[in-house]
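For the sequence shown, position 115 matches number 1148 in this note's numbering, and the numbering has no gaps at all.
Quick reminder that beta carbons are idealized off the backbone N, C-alpha and C, glycines included.
Read the structure below first, then the notes.
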Amino acid sequence: MTVQSISGKLDIRSAKIIETNPVPNIDYEDIEPPKVKKSHLWAVRLASIVFTVGSWEILGRQVDPLFMSYPSAIAAAAVRLTASGELISATYSSLRIVAISFGLATIIGLALGLLIGRYRYVEAAADWLVNALYCTPKVAIVPLVIIWFGLGDSAKIFIVTLLTVFPILINAIAGVKNVPRNLIDVGAAFDATEPEIFRKIILPSALPYMMTGLRLGIGRGLIGMVVAEFYTAINGLGAMIVKYGNQYDTASMFVPILVLMLLGVTLTIALRSLDKYFAPWRYVDD
């Protein structure tokens, strides 16, 4: 039997197999994961919240209140602290520090990030300092900051700004570094000035990185605010945590902790909405 006859028989068998079991036409869209309705996602999220809070309520009642509290006791403590005005005053004090510090960190971080990412001479002069300060544990210099600025708002603003600025700065540098070189070359070929290249090419391309830096920075800002208030312990949500922790009032201590969690989630959602407004092309599939 020759090789040609063998190959001919194999071709005939292959054709019969294909006729018996035809291969379905596969679109690329069929390979994509199935679409999920947002209402279903919210239902799953709500069920997860109910399950977590319910489990916490049941298990928390089995633990000594000295070591752990549960949602109903925390809610009662929150009502009491809100009625006395202590919680509102502390939240306002902390939010004011975070707002001022976050504004300063945003201005400093974005301005320096754009300059360092764009100009080699600025990068050579400043990148070593940025790396050194970023790697330094910020908590280690808090006592020194208190010596410089005392226990007032100035020390808190300095600490929170220092903790917040680096995510914004580093992401801004990365955004500028990742701008496609050919886009800048095209702008230069069309005789665009440096401000025009910055405004029309670099900023739109680096915007997703900068918004990510802002979202990371707000979380670091809340952490810095609590750290600063732990050391000063004069006012704010951090001072409340220290106060009720020293009094072994676990339910009251959990109130500012949960408020901080709520603030973090709310501010992150607000920045995400801001990101959608300035860079809507990133969310076309949402």
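Around the Cβ of Gly1208, a 10 Å sphere holds 16 or more other Cβ atoms; the residue is buried.
In the DSSP assignment, Asp1160 falls within the alpha helix (DSSP H) that extends over 1153-1168. When secondary structure is reduced to three states using DSSP, Pro1098 falls in the coil class, being assigned neither helix nor strand. Remark: three or more beta-carbon pairs, one from each stretch, lie closer than 8 Å, so the segment 1190-1203 and the segment 1131-1147 are flagged as touching.
Proximity to Pro1241 across Tyr1103, Leu1307, Ser1187 peaks at Leu1307, based on C-alpha coordinates. Burial check for Ala1221: the Cβ neighbour count within 10 Å stays below 16, so the residue is exposed. Collapsing the DSSP output to three states places Pro1213 in coil.
Assignment of Asn1204 by DSSP, reduced to helix, strand and coil, places it in the helix class. With 16 or more other CB atoms across the displayed protein chains lying within 10 angstroms of its CB, Phe1199 is buried. Counted as a single uninterrupted DSSP element, the alpha helix (DSSP H) harbouring Asn1279 occupies residues 1270-1279. From the listed residues Val1260, Thr1115, Ala1111, the smallest Cα separation to Gly1271 is found for Val1260.
Assigned with DSSP and collapsed to three states, Tyr1310 falls in helix. Our two residues, Gly1252 and Ile1302, have alpha carbons roughly 12 Å apart in a direct line. Across the structure, Leu1147 and Arg1214 are spaced so that their CA atoms are roughly 15 Å apart. Under the three-state reduction of DSSP output, Thr1226 falls in the coil class, being neither helix nor strand. In the three-state reduction of the DSSP assignment, Tyr1125 falls in the helix class.
Between the segment 1107-1114 and the segment 1152-1168 there are fewer than three C-beta pairs closer than 8 Å, too few to call the two in contact. Across the structure, Glu1262 and Tyr1277 are spaced so that their CA atoms are roughly 14 Å apart. In this structure, the beta-carbon distance from Asp1186 to Ile1130 falls below 8 Å. By the Cβ test, the segment 1096-1103 is in contact with the segment 1278-1297, since at least three Cβ pairs between them sit closer than 8 Å. The beta-carbon separation of Thr1124 and Val1292, rounded to 6 Å, stays under the 8 Å limit for a contact. For Ala1261, the enclosing alpha helix (DSSP H) starts and ends at 1236-1265. Bounds of the alpha helix (DSSP H) holding Leu1114 are 1104-1117.
Under the three-state reduction of DSSP, Asp1282 is assigned to coil, being neither helix nor strand. Spanning the alpha carbons of Ile1217 and Ile1149 requires a straight line of approximately 17 Å. Residue environment for Leu1202: buried (at least 16 other C-beta atoms within 10 angstroms of its C-beta).
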